[in-house]
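Protein sequences, first through last, are from chains A and B. If you count the first sequence from 1, position 165 lands on 165 in this note's numbering, and the numbers rise without skipping. For this note's numbering, count along the second sequence from 1 and bump the result up by 1000. The beta carbon of each residue, even a glycine, is placed where N, CA and C say it ideally should be. Contents: one structure, followed by commentary.
2 protein chains.
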Amino acid sequence: MANPEPSEPEAGLSERVAEALRERIISGRLPGGSKLNERELSAELDVSRIPLREALPLLEAEGFIHSEVRRGSFVHTFTLRDAVEVFDLRLRLEPFAAQCAALRVAGGASAEDLLASLEYARTGVPGEQASGRNSDLHEEIVRLADHDLLRRLSSLLNGRVRWLFRLTPERDTHGMWEEHAELVHAIAEGRPALAEALAGAHVERGRHASLPHLSGRLPSEPVPRRARKTRSPA
Amino acid sequence: MANPEPSEPEAGLSERVAEALRERIISGRLPGGSKLNERELSAELDVSRIPLREALPLLEAEGFIHSEVRRGSFVHTFTLRDAVEVFDLRLRLEPFAAQCAALRVAGGASAEDLLASLEYARTGVPGEQASGRNSDLHEEIVRLADHDLLRRLSSLLNGRVRWLFRLTPERDTHGMWEEHAELVHAIAEGRPALAEALAGAHVERGRHASLPHLSGRLPSEPVPRRARKTRSPA
DNA sequence: TTGGAAACTTTTGAATACCAAATAACGCAT
DNA sequence: ATGCGTTATTTGGTATTCAAAAGTTTCCAA
């Protein structure tokens, strides 16, 4: 499915369109409530309406947009409730992913890529957000878990995780590297129970650190009325 | 997203196409490994290629098919490993759903629909499979949980659950109604911890009852080689 | 001025026709 | 049989068109 990696070379046009739209929505260039005009968008992305219309159902399944028949598609407004829901499900899925990954390592799989990803998260790259690097680490754990259905569900969840992280102040993610290191090492040592518990603690700490700040920063309701057009008048 | 209900009146053509294809795949009319020929299928379903091509990305996200660029789409082969994965994730999501639902009831929500759904599962309808009724009950719990992200993930999982149930012998689902009754009552009484634990036990019992039978009935590998065409030569 | 109905415009959902490029199938020579 | 070159198919994608539904504007009357 649509791996949220930036435009894999081996990917259909519709998946690249989907990724472009995700980026526009997460970055806020397409604010919540915007109407997605098919012709306008397809012209802007320089594709025909077909790949665009193939991308829209995907974005709807991921909760980035919602479509009403004969009325069009609208960008979802990310609310505090959405943030709570993201933590709810990370709390259920990430411990399982960590457990699976550790089991795989215990069974002989190599944690090399995962350790490299941890190192990359530490050193980072100047221009890049910490949020992206953290998401990458979690994706690496899921990849190591080698669990197809988990990968699909995580992929769905991941869009919202990225969206949420973009809205989270950088300083809330400060002590995060040490937590990640603990977790990664538990996995790399093949200790499923420890990995599972640490993953749970990690998510729980993130929730505790993020939600208070977010509650002031996010709307609690979709929109008052009169969804504004694609570009807000500034 | 595409609610797996049989053709909601309020739904685009592409969603009805997706549901039709799900049905064909789950029922085995499109066996694992089949190639989906776009023109052939769109003629058979009496639609143009447009809604068909909008449906395919959805089915791919749900794991019913996998598409290779410029080579087409192929029906996924349901393996024993897939069955294991379904139980893995039901074990993580259904207890959470039950907990949420019970919390909502404790907070004043009505469990009326859920109790009706339980009654329906008991009395049943002659022509209908027990598998369908059981799925409906779980969907009702998710609906009561009123958790958008959970609903999306469950919806993705649900296709595979339906697929798995179709492959499960009826007699393995015998004592199931009593388990469901316990669970539903815990939810209806607003007892989240009990509901969560019972949901976990329910999934675990299902796994224990189903997997031994399935291991003889399902292939462990996708296909030997040479994917056969849409209709197997019989 | 305000309310509401009628006429107009836009947009979506969907079909059709068409094309280039990649793959698969075929036939032919070895 | 096996390997190679040549056709056929099929996919991915574009452009164009159309009916029907939604949204907008206009205009008239109270």
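For a contact meaning CB atoms closer than 9 Å, what does residue i contact in chain A?
i        : result
H1147(B) : E85, D88 and L89
S1014(B) : R53 and P57
L1218(B) : Here the premise fails: no neighbours, minimum Cβ distance about 15 Å.
Taking the DSSP output, what are the residues bridged to residue i?
i        : result
E1068(B) : G1072(B)
L240(A)  : Limits of chain A in this structure are 1 at one end and 234 at the other, which puts residue 240(A) out of reach.
Let's test the definition: count the other Cβ atoms within 10 Å of the Cβ of residue i and tell me whether it reaches 16, buried, or not, exposed.
i        : result
D113(A)  : exposed
V161(A)  : buried
T1168(B) : buried
P1212(B) : exposed
E196(A)  : buried
R22(A)   : buried
V1069(B) : exposed
R1205(B) : exposed
S1073(B) : buried
R71(A)   : exposed
E1085(B) : buried
S1027(B) : exposed
E1170(B) : exposed
R133(A)  : buried
A116(A)  : exposed
Can you give me the Cβ contacts of residue i inside the same chain, cut-off strictly under 6 Å, excluding the 5 residues immediately before and after it?
i        : result
E1179(B) : H1202
L30(A)   : R24 and V75
A11(A)   : none
A1083(B) : L1164 and L1214
R90(A)   : V203
E1062(B) : L1156 and G1159
S1067(B) : E1060 and S1073
Looking only at its own chain, which residues have a Cβ that is under 7 Å from the Cβ of residue i, when we skip the five neighbours before and after it?
i        : result
L118(A)  : L137, H180, A181 and V184
S1042(B) : S1048, R1049 and L1052
S14(A)   : P51, E54 and A55
A1020(B) : L1045
P1219(B) : T1077 and T1079
S135(A)  : N158, V161, R162 and F165
Who are the neighbours of residue i on chain B, taking C-beta pairs under 8 Å?
i       : result
L150(A) : E1085, D1088 and L1089
G63(A)  : D1148, L1149 and R1152
R160(A) : L1149
Residue i touches chain B at which residues, Cβ-Cβ below 9 Å?
i      : result
V69(A) : E1010, A1011 and G1012
So which residues of chain B does residue i contact, with C-beta pairs closer than 7 Å?
i       : result
L183(A) : None at all; the shortest Cβ gap to chain B is about 18 Å.
L156(A) : R1152, L1153 and L1156
Can you find the residues in the same chain that come closer than 8 Å, C-beta to C-beta, to residue i, ignoring five residues on each side of it along the sequence?
i        : result
R1217(B) : L1167
A1097(B) : H1138, I1141, V1142, A1145, H1147, L1150, S1154 and A1199
I1187(B) : A1098, A1101, A1102, V1105, A1111, L1114, I1141, L1144 and A1195
L1093(B) : L1150, L1153, S1154 and L1157
Name the chain A residues that come within less than 7 Å of residue i, Cβ to Cβ?
i        : result
R1092(B) : R92, L93 and F96
With three or more C-beta pairs closer than 8 Å as the rule, is the stretch 104-119 of chain A touching the stretch 184-196 of chain A? yes
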